[in-house]
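Peer 1: For the record, in the sequence shown the residue sitting at position 287 is 286 according to numbering that gives the first Met the number 0, with numbers rising by one throughout. From the three backbone atoms N, C-alpha and C, an ideal C-beta is built for every residue, glycine too.
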Amino acid sequence: MKSLTIWIVLVVSGLATTSVWAEHVLVEAESFADRGGWMLDTQFITSMGSPYLLAHGMGRPVADAVTDVTLPGPGTYRVLVRTKDWVAPWQAPGQPGRFQVLVNGTPLSETLGTSGAAWSWQPAGTVEVDQPHIQLALHDLTGFEGRCDAVVLTRDRALVPPGDGAALASWRRASLGLADQPTEQGGYDLVVVGGGYAGMATAISAARLGCRVALLQDRPVLGGNGSSEVRVWANGLIRRGAFPRIGEIVEEFADNAATSPGRAEEFGDALKEQVVRAETNIELFLNCHADQVAMDGQRIVAVEAFDTRTSERLRFVAPLFADCTGHGTIGYLAGAAWDMQPTRRMGMSNMWVWEEVADPVEFPDTPWALDLEMEDFPYPRNYHGPWFWESGFDKDPIAEAELIRDWNLRAVYGAFNAMKNRGGRAEHRRAQLSWIAFIGGPRESRRLLGDVVLSQEDVVNKVEFPDALVPTTWSIDLHYAKPEFARKFPDNAFIAVAEMDHRVDQTYGYPIPYRCFYSRNIDNLFMAGRCISVTHEALGTTRVMKTCGMMGEVVGKAASLCTQFACAPRDVYAQHLEALKELCRLPGKSRRATLADPLVIPADAPEARPEGPPSDRLR
0 MKSLTIWIVL VVSGLATTSV WAEHVLVEAE SFADRGGWML DTQFITSMGS PYLLAHGMGR
60 PVADAVTDVT LPGPGTYRVL VRTKDWVAPW QAPGQPGRFQ VLVNGTPLSE TLGTSGAAWS
120 WQPAGTVEVD QPHIQLALHD LTGFEGRCDA VVLTRDRALV PPGDGAALAS WRRASLGLAD
180 QPTEQGGYDL VVVGGGYAGM ATAISAARLG CRVALLQDRP VLGGNGSSEV RVWANGLIRR
240 GAFPRIGEIV EEFADNAATS PGRAEEFGDA LKEQVVRAET NIELFLNCHA DQVAMDGQRI
300 VAVEAFDTRT SERLRFVAPL FADCTGHGTI GYLAGAAWDM QPTRRMGMSN MWVWEEVADP
360 VEFPDTPWAL DLEMEDFPYP RNYHGPWFWE SGFDKDPIAE AELIRDWNLR AVYGAFNAMK
420 NRGGRAEHRR AQLSWIAFIG GPRESRRLLG DVVLSQEDVV NKVEFPDALV PTTWSIDLHY
480 AKPEFARKFP DNAFIAVAEM DHRVDQTYGY PIPYRCFYSR NIDNLFMAGR CISVTHEALG
540 TTRVMKTCGM MGEVVGKAAS LCTQFACAPR DVYAQHLEAL KELCRLPGKS RRATLADPLV
600 IPADAPEARP EGPPSDRLR
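Now the structure itself:
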């Protein structure tokens, strides 16, 4: 006779995602009611399977993450934690990510984050519980990137949760008592995945032309690299060329940062969300990570995603989809044709800022960081480490993204250790780290292929396309490992150099054709942002944020035509190109509530800039 297993979903105070399966309770760290000083990290779900909490204290232990949990009853519980020693891939000494689990304020016996180069379930100790309600806490010991994915409390002496992959995902769902089928979200004309400049502009543009839009963003803020989390100022000139109205939407939410990295408030996270939420045709889903697609032949039927705080799964159904993820994630999952530079790709940056404080301040020694002296890195003048603190040129930008980010952190901490504890000690007694981006700023990964693959030669030779629409004005700007740093760190240099081709018209702009903005083999997939159909070299000019935002404006307008005429993105080029151009000539604030309503141009629409001839001056 088979044994009967029963499960009970518990409602706990604080809304932590917990459930009981037989004799165990799973607590997802990201759902802690009070995260304290721990940060929600969602960047590496593709490779490690889950969001997690990160103790990003820049050398100062962060406040405890705390939540309430209800257990199935009294008894002796084993506590398991999914974590890792984040410097173990390099066999670095020192175990900087140490933390403890506290139960009702008392630390368990084991210190965590001390072993394992890969994510795994590690024993935290045992606890005797005489009543079912406990307080669970994550207690950081170092301030140096301790990380916790989940906590299991079990009376089962033999329980070993699955390590990773599909088995772990299935076990999580069962342990949390989540439904096997996602909750369906429908009634949309367009689903936009990715809430950076490209995704925001796509959603706003389509919504203002009467489309019902779902916008999915896997972070709690909009803007992507142009948010307060990453702080890359937006580049690329807007509102110029043959269609000088393109860029007006971008102008409504673009940052006004004076430097990169700038101050958090300069990036206008609240403004970005305000502009999006003002559109009644947009339903915004923050903290929503898309990870599956459903297909019918060469068409996407639905995108599945999950809430990174609650693990609830959602299914988004629509006739049209736009991949604005940067990584081309939706296209990749759908089987879209794509390309990626095999080596010498542009890397990921984690910028940083330091400041002078009133009194001398100590900084812990960092034997696990890169072994740097003052002459081993560019001195961070103006109190910040800018874009060229970049690595991962020959690493897989998706599968190895966490390793790339962690290497960047080791470089920053190694440099600051040299300033504080080595050759720069006398001059930096009052120096203190004030900000490091734990969210990486990537530049290059997958590029989805459309009916046109724009090349460097097209741009510099000003090849004319009949569907040329979006002006790119940035130089062809490609980043590579700076030779002197590549010699010392041949596996992964951490400082970049820019190789520039200035033969781009930086005044009028070179217009990118519309056929770069939809997939050549997935019938209902648009793309905007750095995953559009260009070569590695051409990406050097098209990748900057304001240019990506203008792509989104055009994609949103094209989506409205697809909806109006019940056609595919390719058909817009073949049958409705002049209609698309007419929409591109309208003010960005033009709007209609539905596709059946007339377009209205509001009184506060900006004045049109005059169309100008291409610049004869190439610089």
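#1: For S433, count neighbouring C-beta atoms within 10 Å of its own C-beta (all shown protein chains included) and say buried if the count is 16 or more, exposed if not.
#2: Taking DSSP as the reference, what is the three-state secondary structure of H326?
#3: Select from K419, T593 and V65 the residue whose C-alpha is nearest the C-alpha of Y378.
#4: Compute the Euclidean distance between the alpha carbons of P106 and Q99, then round it to the nearest angstrom.
#5: Under three-state DSSP, which class holds W621?
#6: If L79 and A123 are in contact, beta carbons under 8 angstroms, what's the gap, nearest whole angstrom?
#7: Do R445 and M339 have their CB atoms nearer than 8 angstroms?
#8: Which partner residues of Y51 appear in the DSSP bridge assignment?
#9: Helix or strand or just coil, what does DSSP make of M0?
#10: Could you have a look at F387 and say whether DSSP puts it in helix, strand or coil?
#11: Taking its Cβ as the centre, do 16 or more other Cβ atoms sit within 10 Å of G72, making it buried, or is it exposed?
#12: Between N381, G449, H288 and A206, which lies nearest to E282 when the distance is taken from Cα to Cα?
#13: Considering only C-alpha positions, which residue in the set I511, A565 and N407 is nearest to P318?
#14: Nearest to A213 by CA position, among P219, G222, T201 and N224, is which residue?
#15: So does the region 495 to 503 actually touch the region 398 to 417, counting three or more Cβ pairs closer than 8 angstroms?
#16: Shortest alpha-carbon distance to F284 belongs to which of D179, T342, Q184 and F376?
#17: What's the gap between the Cα of W20 and the Cα of A173?
#18: How would you label Y382, buried or exposed, when you count the other beta carbons within 10 angstroms and need 16 or more for buried?
#19: Please list, in chain order, all residues of the same chain as V352 whose beta carbon is under 8 angstroms from its beta carbon, the five residues on each side excluded.
#20: Out of P597, T540, A578 and S390, point me to the one whose CA is closest to P489's CA.
#21: Quick one: give me the first and last residue of the alpha helix (DSSP H) that A558 is part of.
#22: Would you list the residues sitting across from W406 in a DSSP beta bridge?
#23: Throw me the rounded Cβ distance for the P605 and E247 pair, which I believe falls under 8 angstroms.
#24: Taking 7 angstroms as the limit between beta carbons, can you name the residues of its chain near C515, skipping five residues before and five after?
#25: Only counting the same chain, and skipping five residues up and downstream in sequence, which positions put a Cβ closer than 8 angstroms to that of L70?
#26: Report the start-end ranges of each beta strand (DSSP E) in the region 181 to 216 that is 3 residues or longer and not cut off at the edges.
#27: Comparing C-alpha positions only, which one of A335, D295 and I237 sits nearest to M526?
#28: Could you pull the start and end residues of the alpha helix (DSSP H) that T541 belongs to?
#29: Rounded to whole angstroms, what is the Cα-Cα separation between A333 and V300?
#30: Taking the beta carbon of Q180 as the centre, do at least 16 other beta carbons fall within 10 Å, making it buried, or is it exposed?
#31: Comparing C-alpha positions only, which one of N234, H138 and K271 sits nearest to G36?
#32: Residues bridged to M526 by DSSP?
#33: Measuring straight from C-alpha to C-alpha, what distance separates R584 and I511?
#34: Within a Cβ cutoff of 6 angstroms, which residues of the same chain sit near P601, ignoring the five residues on either side of it in sequence?
#35: For the region 225 to 236 against the region 552 to 559, are there 3 or more C-beta pairs whose distance is under 8 angstroms?
#36: Beta carbon of G423, beta carbon of D370: below 8 angstroms?
Peer 2: On the basis of the supplied data:
#1: Locating residue 433 in the sequence shown gives position 434, counting from the first residue. Per the 10 Å Cβ criterion, exposed.
#2: Numbered from 1 along the sequence shown, position 327 holds the residue referred to as residue 326. In the structure shown, H326 sits in coil (DSSP, three-state: anything other than H, G, I, E or B).
#3: In the sequence shown, the residue the question calls residue 378 occupies position 379. If we check each option's Cα against that of Y378, K419 comes out closest.
#4: The sequence position of residue 106 within the sequence shown is 107, counting from 1. The sequence position of residue 99 within the sequence shown is 100, counting from 1. So the alpha carbons of these two residues sit roughly 6 angstroms apart.
#5: As displayed, the chain neither begins before 0 nor continues past 618, which places residue 621 out of reach and without an answer.
#6: Along the sequence shown, one-based indexing puts residue 79 at 80. Along the sequence shown, one-based indexing puts residue 123 at 124. Contact flag correct, Cβ pair sits at about 7 angstroms.
#7: Mapped onto the sequence shown, residue 445 falls at position 446. Mapped onto the sequence shown, residue 339 falls at position 340. Against a cut-off of 8 angstroms, the Cβ pair of M339 and R445 comes out as a contact.
#8: Residue 51 sits at position 52 when you count from the first residue of the sequence shown. In the DSSP output, where bridge partners are listed per residue, Y51 has D40.
#9: To locate residue 0, count along the sequence shown from 1; it is residue 1. With a pLDDT of 30 at M0, under the threshold of 50, the modelled position of this residue cannot be trusted; read the value that follows with caution. If DSSP states are grouped into helix, strand and coil, M0 belongs with coil.
#10: Working through the sequence shown from its first residue, we reach residue 387 at position 388. Residue state, collapsed to three classes: coil.
#11: Sequence index remark: in the sequence shown, residue 72 carries index 73 (1-based). So G72 counts as exposed.
#12: On the sequence shown, residue 282 is found 283 positions in, with the first residue counted as 1. Among N381, G449, H288 and A206, the Cα nearest to that of E282 belongs to A206.
#13: Taking the sequence shown and counting its residues from 1, the one referred to as residue 318 is at position 319. For P318, the nearest C-alpha among the options comes from A565.
#14: Here residue 213 refers to the residue found at position 214 when the sequence shown is read from its first residue. Ranking the options by Cα distance to A213, first place goes to T201.
#15: no
#16: As a working note, residue 284 is residue 285 in the sequence shown. The candidate whose alpha carbon is nearest that of F284 is Q184.
#17: Here residue 20 refers to the residue found at position 21 when the sequence shown is read from its first residue. Here residue 173 refers to the residue found at position 174 when the sequence shown is read from its first residue. Any reading at W20 must be qualified, since the residue scores a pLDDT of 46, below 50, and its modelled position is unreliable; the value itself is stated next. Distance between the alpha carbons of W20 and A173: 7 angstroms.
#18: Start at 1 with the first residue of the sequence shown, and residue 382 comes out as number 383. The residue is exposed, with fewer than 16 neighbouring Cβ atoms inside 10 Å.
#19: Here residue 352 corresponds to residue number 353 of the sequence shown, with the count starting at 1. So the qualifying residues of the chain are P260, Y382, H383, G384, L432, S433, W434 and I435.
#20: Reading the sequence shown from its first residue, position 490 is the one you call residue 489. Measuring from the Cα of P489, the nearest candidate turns out to be S390.
#21: If you number the sequence shown from 1, residue 558 lands on position 559. M544 to F564 is the extent of the alpha helix (DSSP H) around A558.
#22: For the purposes of this step, residue 406 is taken as the residue at position 407 of the sequence shown. Note: W406 sits in no beta bridge, so no partner.
#23: Numbered from its first residue, the sequence shown carries residue 605 at position 606. Numbered from its first residue, the sequence shown carries residue 247 at position 248. Confirmed, about 6 angstroms.
#24: Residue 515 sits at position 516 when you count from the first residue of the sequence shown. G449, V451, L453, I531, S532 and V533.
#25: Translated into positions along the sequence shown, residue 70 becomes position 71. Once the five neighbours on either side are set aside, the close Cβ partners of L70 are V19, V24, Y76, V128, P131, H132, I133 and L152.
#26: 182 to 184, 189 to 192 and 212 to 215
#27: Numbered from 1 along the sequence shown, position 527 holds the residue referred to as residue 526. Closest by alpha carbon: A335.
#28: Position 542 of the sequence shown holds residue 541. Residues H535 to T541.
#29: As a first step, residue 333 must be located in the sequence shown, where it is residue number 334. As a first step, residue 300 must be located in the sequence shown, where it is residue number 301. Cα to Cα, the separation comes out at about 10 angstroms.
#30: One-based indexing of the sequence shown puts residue 180 at position 181. Classification for Q180: exposed.
#31: Taking the first residue of the sequence shown as 1, we reach residue 36 at position 37. It is H138.
#32: For the purposes of this step, residue 526 is identified with residue 527 of the sequence shown, where counting begins at 1. Paired residues: D322.
#33: For the purposes of this step, residue 584 is taken as residue 585 along the sequence shown, with counting starting at 1. For the purposes of this step, residue 511 is taken as residue 512 along the sequence shown, with counting starting at 1. Spanning the two alpha carbons is a distance of roughly 16 angstroms.
#34: Against the sequence shown, residue 601 aligns to sequence position 602. Same-chain partners within the cutoff: K588.
#35: no
#36: As a working note, residue 423 is residue 424 in the sequence shown. As a working note, residue 370 is residue 371 in the sequence shown. In this structure, D370 does not lie closer than 8 angstroms to G423 by Cβ.
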